[in-house]
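Each protein sequence line maps, in turn, to chains A and B.
When you number the first sequence by my numbering, it's gap-free, plus one each residue, and the end is 412.
When you number the second sequence by my numbering, it's gap-free, plus one each residue, and the end is 1412.
Written out below as structure tokens is the structure these notes cover.
Protein chains: 2
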Amino acid sequence: MEGLKAILLICDGMADRPVPRLGARTPLEAANNINMNTLALQGECGLMDPIAPGVRAGSDTSHLAILGYDPYTAYTGRGPFEAAGIGMDVRKGDIAFRCNFSTVDGNMLVIDRRAGRIEQGTDQLAAAVNGMQIEDVACYFKESVAHRGALVLRGPGLGACVTDADPHEAGAKVHEAKPIDPNDQAGAKTAGIVNEFVRRSYAILKEHPINKAREAERRLPANIILPRGAGVAPHIESFEERYRLKGAAVVETGLIAGIAVYLGMDIVEAPGATGGLDSDVMSIGRTVLKALEDHNFVLCNIKGCDIAGHDGDPDAKVKMIERIDDVVGMLMREVDRCTYIILTADHATPISVKDHSGDSVPIVFWGPDVRVDSIQVYDERSVVGGGIVRIPGTAVMNILTNLMSTQEKFGA
Amino acid sequence: MEGLKAILLICDGMADRPVPRLGARTPLEAANNINMNTLALQGECGLMDPIAPGVRAGSDTSHLAILGYDPYTAYTGRGPFEAAGIGMDVRKGDIAFRCNFSTVDGNMLVIDRRAGRIEQGTDQLAAAVNGMQIEDVACYFKESVAHRGALVLRGPGLGACVTDADPHEAGAKVHEAKPIDPNDQAGAKTAGIVNEFVRRSYAILKEHPINKAREAERRLPANIILPRGAGVAPHIESFEERYRLKGAAVVETGLIAGIAVYLGMDIVEAPGATGGLDSDVMSIGRTVLKALEDHNFVLCNIKGCDIAGHDGDPDAKVKMIERIDDVVGMLMREVDRCTYIILTADHATPISVKDHSGDSVPIVFWGPDVRVDSIQVYDERSVVGGGIVRIPGTAVMNILTNLMSTQEKFGA
């Protein structure tokens, strides 16, 4: 594929706050990230608020925003993106749920929400409950990794404002899903379908040979499916329709993959990508370059920094940044002169917070024709004073497509 | 109350423009405000636009925005906030007016809009007209300071788009309130009620013993009530619902108190607070500390700088800033390590303008875990280059609740 191309490298949770153990420096400030600094030296820098200043973003809402979709309208809960991420056909108006294979006793008391952390055979269990018709609603179910799966309901008059069947704790009885507003007929219909699906899943799964075999081995049977987190599938213009760019995604989590699939981007798997601190990040980088051969935009999410942040481990975060820095160096060497690299984070996951925070994150635009500014170091505080100043996440694709000259003019 | 706390110190109208008499420095630049500078040195700084860049804010709209409420939807005129501020029960949908006790002659010509600047007895006059029922509308009236008061109408089918009964000048005849749009039935109904209220107030007040006594003393009787500035009471989520913070307000004006009351915050009175240049600002500071004992958020508004700005008096403004600087120093010494201080202004009141302007104002966030930046001086021009860069007023509470970890995550 010819012409201008772009790599959007999102280092999950990389931004941080000053860490006492690092001498009041952030992990980015403490890390030896010479390639990121070169990117800053040769690029245009600033701060980015994934959603808005101070707003704590999830990885899903942040990625939607950075890809140019208003998360307040495009984000209707995790269900639809999770389902899309495992390859299910999700259509506008469908109601989608995240689900667990769980273990219950004969009184519907939850023994284990994760069915003994089942790893094998869920594809056959899923096939046994997939495609049910309940009243005028088609119920599609597919397994995800381990004990996880997703349920998609398709039919007239459904609503997403329903409570979870999953009681979220062992020892509790399976909940009856209910409409959140008792007068919401669409919610009531969905709740009725979900409850019937849960009952039927138990009737089918408790007799399934896979579970009989598990019980014979004294393992917990995956004898029920418990849906949670209902969301109505939103209508979202595809990435290609919106930007006239053929996009690929090289990402490490199902949630981000789901968003990419939902936007019609191609998923390209990187060998050795684990989503953990041990991930083969250089393999991810090489996969990005490969994806760039037949796409002109590649979204790349590397998860490790977020894990280190959630763990509150500054040394692991610094090390992860330095490993990603090697990838940045490789990308800068390998791409041609027609390729942009944007380096940023989807949110901060500060060591002190051990969760996502609403702090701003550094961003750099590198590539042909950018207004190179005076910033020479890539970190949260050094980018202040750069040409990008401070932008919301939804500005990123506009700035990029402006540079790539693929954006239509607004007005005359 | 344990855990993280915050003081939001808003110095009314403190920001300014370069003043020739101060050597082209702003009052903040000219003042000896070493404690504010220390706050900047130890905090994260930037510029804040209360509403948006260049937009001239009132103190009411600015405080709403800084407290995180979109003023374009939450602000429906002064009436509802004024009424709430003097302790009236204002409910969503009520129509509220600011009012004057005035003096008219028998032909309804206004002799004095302020009824001889009446100071005493308005509580008894108010009681005489309070609680009227006109058609199906209940009319509540309460006196405020001096010749002022507020009227609240409660009933079905009322609208706020009506003209004032107050002609706004002596010598003119009392106006008939009218709907702004002749086809607006809700406005027409309100106008009819207002006109009847005004007529009845004259009938009742002209015979009232307080006014008979005033006339005997050759003072102007407060013989009519003239409403103006109709506003429909908005539905606003309370401060505690929105932020899960227990909030108090130590403020110097009824207007700001009204906003705080409307948001469900507790009002704490500071002894010696006058709202003027002579106000006991140190007492205000001590009251803030006291309020912090059983609240985790205290809004403090100190009015003096705004007065000096309206007066066009640079020396008075510098002096006021230096007196507030002592309060800032005291607060920094007295608070524990779990307390944030945010120092800003609700708008500029430039010496050259003698009124509110739409200039940006400096802001600093000081407290645990902030990304301390390189800024060392707190004034309008020195904070440029700080980590906050430039934010709208509505971002302030998001940034604060992000630091305080009381904000829910948007997404996963």
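We put the beta carbon where it would ideally sit given N, CA and C, even for glycine.
Is the beta carbon of residue j closer than 8 Å to that of residue i?
i: B:Cys1099; j: B:Asp1373; result: no
i: B:Leu1008; j: B:Leu1299; result: yes
i: A:Val90; j: A:Ala233; result: yes
i: A:Ile210; j: A:Leu125; result: yes
i: A:Ile363; j: A:Thr344; result: yes
i: B:Phe1297; j: B:Leu1331; result: no
i: B:Cys1139; j: B:Phe1081; result: no
i: B:His1356; j: B:Gly1085; result: no
i: A:Val328; j: A:Met36; result: yes
i: A:Asp346; j: A:His63; result: yes
i: A:Val174; j: A:Val129; result: no
i: B:Pro1350; j: B:Ala1052; result: no
i: A:Ile295; j: A:Ala248; result: Note that residue 295 of chain A is His in the sequence shown here, rather than Ile. Contact flag set, yes.
i: A:Val268; j: A:Thr287; result: yes
i: B:Asp1369; j: A:Arg17; result: yes
i: A:Lys5; j: A:Thr339; result: yes
i: A:Asp12; j: A:Asn301; result: yes
i: B:Gln1407; j: A:Gly358; result: yes
i: B:Arg1371; j: B:Gly1387; result: yes
i: B:Asp1123; j: B:Ser1360; result: no
Run through the DSSP bridge pairs and tell me what residue i is partnered with.
i: A:Gly46; result: A:Ile363, A:Val389
i: B:Arg1154; result: B:Ala1138
i: B:Leu1248; result: Checking the sequence, you will find Ala at residue 1248 of chain B rather than Leu. According to DSSP, B:Ala1248 bridges with B:Asp1266, B:Val1298.
i: B:Ala966; result: Outside the displayed span of chain B (1001 to 1412) sits residue 966 of chain B, for which this structure offers no information.
i: A:Asp112; result: A:Thr103
i: B:Tyr1340; result: B:Ala1006
i: B:Leu1226; result: B:Asn1100
i: A:Ser357; result: A:Ala348
i: A:Lys173; result: A:Leu109
i: A:Val19; result: A:Arg25
i: A:Val162; result: A:Pro179
i: B:Phe1410; result: A:Ala57
i: B:Met1014; result: B:Ala1348
i: A:Glu119; result: According to DSSP, which records beta bridges pairwise, A:Glu119 is partnered with nothing at all.
i: B:Glu1380; result: DSSP, once it has assigned bridges, lists no residue as partnering B:Glu1380.
Looking at the secondary structure, which residues open and close the alpha helix (DSSP H) in which residue i lies?
i: A:Gly197; result: One detail in the question is off: residue 197 of chain A reads as Phe in this sequence, not Gly. Element bounds for A:Phe197: 185-205.
i: A:Gly79; result: 78-85
i: B:Asn1211; result: 1209-1216
i: A:Asn402; result: 396-403
i: B:Thr1285; result: Going by the sequence as given, residue 1285 of chain B is Gly instead of Thr. Looking at the DSSP string, the run of the alpha helix (DSSP H) that includes B:Gly1285 is 1281-1291.
i: A:Val179; result: Just to set this straight, residue 179 of chain A is Pro in the shown sequence, not Val. Taken as a continuous stretch (DSSP letters only), A:Pro179 belongs to no alpha helix (DSSP H), as it is neither H nor E.
i: B:Tyr1072; result: 1071-1074
i: B:Asp1060; result: 1059-1066
i: A:Glu240; result: 239-243
i: A:Glu334; result: 314-334
i: B:Gln1124; result: 1122-1129
i: A:Pro27; result: 27-30
I'd like the span of the beta strand (DSSP E) that includes residue i, first residue to last.
i: A:Phe297; result: 297-302
Item to complete: Could you list the residues in the stretch 1353-1369 of chain B with a C-beta less than 7 Å from some C-beta on chain A, going in chain order?
Response: Asp1369
Worksheet item: Touch check for the stretch 1110-1120 of chain B and the stretch 1186-1201 of chain B: three-plus C-beta pairs under 8 Å?
Response: no
Item to complete: Decide if the stretch 161-175 of chain A is in contact with the stretch 211-226 of chain A; the criterion is three or more beta carbon pairs, one per stretch, under 8 Å apart.
Response: yes
Worksheet item: Using a beta-carbon distance cut-off of less than 9 Å, what residues from the stretch 116-145 of chain A approach chain B?
Response: none
Discussion item. For the pair the stretch 394-401 of chain A and the stretch 62-81 of chain A, tell me if three or more CB-CB distances fall below 8 Å.
Written reply: yes
Worksheet item: Between the stretch 373-401 of chain A and chain B, which residues of the former have a C-beta closer than 9 Å to a C-beta of the latter?
Response: Glu380, Arg381, Val384, Gly385, Val389, Arg390
Discussion item. Beta carbons nearer than 9 Å to chain B: which residues of the stretch 34-56 of chain A have them?
Written reply: Gly46, Leu47, Asp49, Ile51, Ala52, Pro53, Gly54, Val55, Arg56
Worksheet item: For the stretch 235-265 of chain A, which residues have a beta carbon sitting closer than 9 Å to at least one beta carbon of chain B?
Response: Leu255
Worksheet item: Listed from N- to C-terminal order along the chain, which residues in the stretch 1297-1315 of chain B have their beta-carbon within a distance smaller than 8 Å of any beta-carbon of chain A?
Response: none
Item to complete: Count the CB pairs spanning the stretch 1304-1315 of chain B and the stretch 1268-1287 of chain B that are closer than 8 Å, and state whether there are at least three.
Response: yes
Worksheet item: Taking a cut of 7 Å between CB atoms, which residues from the stretch 2-35 of chain A lie near chain B?
Response: Arg17, Pro18
Worksheet item: Do the stretch 1253-1269 of chain B and the stretch 367-385 of chain A touch if we need at least three Cβ pairs shorter than 8 Å?
Response: no
Worksheet entry | Within 9 Å of chain A by C-beta, residues of the stretch 1059-1092 of chain B in sequence order | none
Worksheet item: Quick one, which residues of the stretch 1323-1337 of chain B are near chain A if we go by CB-CB under 8 Å, in chain order?
Response: none
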